[in-house]
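Chemist:
Residue numbers (this note's numbering): 70 to 144.
#1: Straight-line CA distance for residue 78 to residue 91?
#2: Looking only at its own chain, which residues have a Cβ that is under 6 Å from the Cβ of residue 111, when we skip the five neighbours before and after it?
#3: Return the chain-ordered list of same chain residues with a C-beta closer than 8 Å to the C-beta of residue 133, the five sequence neighbours on each side being excluded.
#4: Please return the same chain residues whose Cβ sits closer than 6 Å to the Cβ of residue 143, not counting the five positions on each side in sequence.
Set out below in structure tokens:
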């Protein structure tokens with residue numbers, strides 16, 4: 070898990086404890102600022118780069134995001 074605040078909630082710690090007891094595994098936290106180890110960070114970086122390179126082709130940010138996700142704009 071990354072170091073998001075919700076991963077440190079009591080429920081998350083309880084899930085980790087149950088995991089250890091039931092299937093003998095452990096959940097570990099990534100080191101702070103471990104963007105290279107977190108796949109979603111790479112996705113967001115690619116999305117931002119793609120939109121930045123093509124933003125002049127769109128009238129609104131929503132249109133650029135829709136283009137990125139290949140969603141047709143119905144409005």
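The C-beta atom is built at its ideal place from N, Cα and C for all residues, glycine as well.
Modeler: For this structure:
#1: 20 Å
#2: none
#3: 120, 123, 124, 126 and 127
#4: With a pLDDT of only 49 at residue 143, under 50, the local geometry of the prediction cannot be trusted, and the value read off the model is given with reservation. Closer than 6 Å at Cβ, skipping near neighbours: no residue.
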